[in-house]
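First the structure, in the form of C-alpha cells, and then the observations on it.
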Amino acid sequence: MRKNYLISAVTVIFLGLASRKYSNDLPLFLADNAGDALWSMMVYFGFRFLLPRKQISLSILFSLLFSFGIEISQLYQADWINQIRSTWLGALVLGKGYLTVDLIRYTVGILFASFLDKAIFRHHL
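Under my numbering, the sequence shown has 1017 at position 97, and the numbering climbs by one with no breaks.
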C-alpha cells in the first residue's frame, strides 16, 4: 500500500509544479487554486505513506494540522526564515505570505485526496 501512496504523492508533486509552470494556460479558477490544493494533497498522501494502517481520519487530521501550521507560520516574518522562503524550494514548502483562503484550498485538497484514497485504494466509501 505504501507504494501506491508514494506514487500518488510524486504524481501530485508533478501536477503541482505543472500547475505553476503552465498557470497562464489554465482556467483562472484552476490557476488560482490548484497549486495549494495539490500541495495539501501531497501532504495527505505523505501521511498515508507514513501511516498506511491508521485510520484515514487520522491522516486527514495530521494533514490539516501540518498544512494550517505552515500557513500560520507565514505570519512570522523573521529575516532568517524569509531568507529560506526567498529560495525556490523554501517558497514551495513554506510559502511566502499568509492568506486565509489558502486554509480553504488546503481543506478542499485534503478532503479530495481522502476521497480518492477511499474510492481508489480502498474500493469502498
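Where a beta carbon is used, it is the ideal one built from N, C-alpha and C, also for glycine.
Nothing here was measured: the structure is a model prediction, and the numbers come from that model.
TODO: Determine the DSSP secondary structure at L1031, reduced to helix, strand or coil.
DONE: In the displayed model, L1031 falls within a helix according to three-state DSSP.
Task: the region 1013-1026 / the region 938-946 touching (three or more Cβ pairs under 8 Å) - done: Using a Cβ-Cβ distance cut-off of 8 Å, the region 1013-1026 and the region 938-946 are not in contact, since fewer than three pairs of beta carbons, one from each stretch, lie closer than that value.
TODO: Compute the Euclidean distance between the alpha carbons of A951 and G936, then round it to the nearest angstrom.
DONE: Approximately 10 Å between the Cα atoms of the pair.
TODO: Provide the residue span of the alpha helix (DSSP H) that contains A951, from first to last.
DONE: 948-970 is the span of the alpha helix (DSSP H), which, as asked, contains A951.
Task: Rounded separation between F949 and A1033 - CA only - done: Answer to the nearest angstrom: the Cα atoms are 19 Å apart.
- [ ] With distances taken Cα to Cα, identify the nearest neighbour of V1021 among A938, I927, D956.
- [x] The candidate whose alpha carbon is nearest that of V1021 is D956.
Task: Cβ-based burial, S1006 [other Cβ within 10 Å; buried from 16] - done: Burial check for S1006: the Cβ neighbour count within 10 Å stays below 16, so the residue is exposed.
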